[in-house]
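Residue numbers (our numbering): 24 to 557.
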């Protein structure tokens with residue numbers, strides 16, 4: 024009898040606590056005044072569900088359409104969808120008043136890195152060191168390394184001559200292979216050759232499958248309670264473990280690599296054994312780099328963590344962006360024609376001693392090509408959700424006139440702000456000309472809300488490298504060949520459709536991404552022909 028009273032008392036106490044918690048969250052929490060989905064007042068499980076489905080970026084946009092510019096998306100989360108709000112959260116003078124959300128920590132494995140570190144002096148130290156490996160000077164030195172893979176990519180997708188027919192290919196897959204080859208070479212000096220060999224093509228797939236779990240945990244870390252995630256995401260756990268096994272072997276081989284290039288594995292190939300080649304990869308630069316403020320460098324675990332993050336984040340997002348650009352060019356013939364003419368004119372004006380090859384400098388004047396790239400990044404940003412920030416300033420922070428208390432999280436959904444009608448006329452229309460219009464206010468407004476690489480002191484360090492990869496790849500495809508949508512049903516792969524039954528996925532002209540940390544995709548299927556005498 025005594026124990027039954029204890030159990031009953033415990034049950035009543037728990038029930039009363041839950042009732043009090045619900046009442047507090049619904050009526051008395053500092054964010055209670057903001058509208059949003061009903062379940063989001065009480066739990067982040069709803070956001071985690073949409074992250075699992077890959078629709079969270081669209082759901083955030085839908086919620087803003089329904090509830091307005093200030094929308095509560097979790098018990099302690101406020102989303103803002105205005106230019107002023109974006110500037111107040113991520114701007115260079117204000118972003119140090121926030122920390123990254125604690126949810127970032129679920130993306131760390133053995134050691135934190137620049138991406139997962141929440142902020143403060145340690146984050147700044149890491150950025151100062153990392154920036155030396157992806158500086159403008161470093162990018163120029165990586166260019167020959169990049170071109171080796173881009174040229175191979177072009178040779179694979181473009182038939183040897185127009186007489187040998189047309190190649191039809193799923194560019195989601197081939198962009199994955201290219202981006203992975205680019206990043207593993209630039210970061211580690213390794214040649215896995217996914218473009219030419221099937222052996223390691225499982226790795227990008229493992230990254231994508233693993234990210235399904237991670238994206239859900241980022242929204243709702245509570246899924247780790249009682250190891251629920253281990254049961255809910257068994258396939259993702261397997262994929263993560265298989266990827267980590269690959270990474271540990273890569274790091275072991277790279278660390279063991281001697282200066283004369285006699286180590287084993289992918290580093291043994293003639294193309295990578297030269298000491299001069301290895302000395303220009305990111306890994307080597309990080310070994311030598313020192314913080315100009317403290318004089319400190321990275322330890323081995325830090326180099327390993329930072330390098331691995333570059334592989335995952337860099338290859339995933341770059342592949343997504345390149346497939347997106349190809350989709351929009353193939354689906355918009357007028358943009359394709361103008362971009363191709365611009366690139367070919369640049370080729371005609373370059374140094375005649377380099378036929379078939381364009382450098383970044385050669386393409387620097389191709390403003391319409393850059394507009395095509397930016398418009399694809401706007402329409403289908405590789406990271407479409409919000410990068411949440413926690414207010415740490417005592418007394419809170421004012422975000423676009425709204426006082427957000429300390430301890431609360433606030434952010435801007437990238438996909439949502441990219442499709443704001445106030446920032447972009449006809450936001451769901453692919454129109455590269457919007458970036459080149461003589462209307463200075465229209466361009467300013469668009470640029471202010473264009474954040475595919477985030478903004479402020481925590482923006483993507485690899486932005487310049489990503490633009491280099493995209494510009495060189497798309498530029499050379501347009502120079503060396505022509506492409507169009509595949510015939511029949513394959514032409515529809517990657518497009519939106521009402522048949523999906525998801526509000527926001529019905530637009531045929533929009534490349535469909537499934538947001539799991541980075542966008543996952545299928546298509547476009549394209550047909551390629553090689554130009555003659557180029």
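Even for Gly, the Cβ is constructed at its ideal location relative to N, Cα and C.
- In this chain, the beta strand (DSSP E) harbouring residue 93 covers 93–97.
- In this model, residue 219 and residue 197 are separated by some 10 angstroms (Cα to Cα).
- With a threshold of 16 other beta carbon atoms within 10 Å, residue 125 falls short and is exposed.
- As for any alpha helix (DSSP H) of minimum length 4 sitting wholly inside the stretch 389–459, the runs are 390–402, 437–441, ordered along the chain.
- Closest by C-alpha distance to residue 465, out of 32, 450, 324, 46, is 450.
- Between residue 396 and residue 493, the CB-CB gap stays under 8 angstroms.
- Between the alpha carbons of residue 350 and residue 527 lies a gap of roughly 18 angstroms.
- Nearest Cα to residue 416 within the set 121, 439, 59: 121.
- Annotated three-state conformation of residue 537 is strand, per DSSP.
- When the five nearest sequence neighbours on each side are left out, the beta carbons in the same chain lying within less than 6 angstroms of the beta carbon of residue 309 are those of 156, 321, 326, in order along the chain.
- C-alpha of residue 339 to C-alpha of residue 223: approximately 15 angstroms in a straight line.
- One alpha carbon belongs to residue 27, the other to residue 475, and they sit about 58 angstroms apart.
- Taken through DSSP and simplified to helix, strand or coil, residue 273 comes out as helix.
- Inter-residue distance for residue 78 and residue 252 is about 19 angstroms (C-alpha atoms, whole angstroms).
- Residue 194 places its beta carbon 8 angstroms or farther from that of residue 70.
- Membership of residue 507 in the beta strand (DSSP E) is indicated by the continuous run 504–508.
- As summarised for the stretch 62–94, the continuous alpha helix (DSSP H) elements at least 4 residues long and confined to that stretch are 68–76, 79–90, given in chain order.
- With respect to residue 521, residue 550 sits apart: the two C-beta atoms are not nearer than 8 angstroms.
- Note that the stretch 261–269 does not touch the stretch 99–117; fewer than 3 beta-carbon pairs, one per stretch, sit closer than 8 angstroms.
- Within 10 angstroms of the beta-carbon of residue 254 lie fewer than 16 other beta-carbons, which makes it exposed.
- DSSP lists 94, 434 as the bridge partner or partners of residue 102.
- Proximity of the stretch 109–120 to the stretch 406–415 meets the contact definition, three or more beta-carbon pairs being nearer than 8 angstroms.
- Per the DSSP secondary-structure output, residue 193 pairs in a beta bridge with 548.
- Its chain contains 352 as the residues whose beta carbon lies nearer than 6 angstroms to that of residue 359, once the 5 sequence neighbours on both sides are disregarded; these appear in chain order.
- The DSSP-derived three-state label of residue 242 is helix.
- Shown here, residue 123 sits in a strand according to DSSP, grouped into three states.
- For residue 515, the closest alpha carbon among the candidates 311, 95, 354, 233 is that of 354.
- Per DSSP, the continuous alpha helix (DSSP H) segment holding residue 37 begins and ends at 25–46.
- Taking C-beta separations shorter than 6 angstroms and ignoring five residues to either side along the sequence, the partners of residue 64 in its chain run 48, 49, following chain order.
- For residue 445, the closest of 205, 67, 135, 91 by C-alpha to C-alpha distance is 91.
- Taking all protein chains shown into account, residue 533 has 16 or more neighbouring C-beta atoms within 10 Å of its C-beta and is therefore buried.
- DSSP, read as helix, strand or coil, puts residue 212 in coil.
- In the DSSP annotation of this structure, the continuous segment of the alpha helix (DSSP H) that includes residue 162 starts and ends at 159–180.
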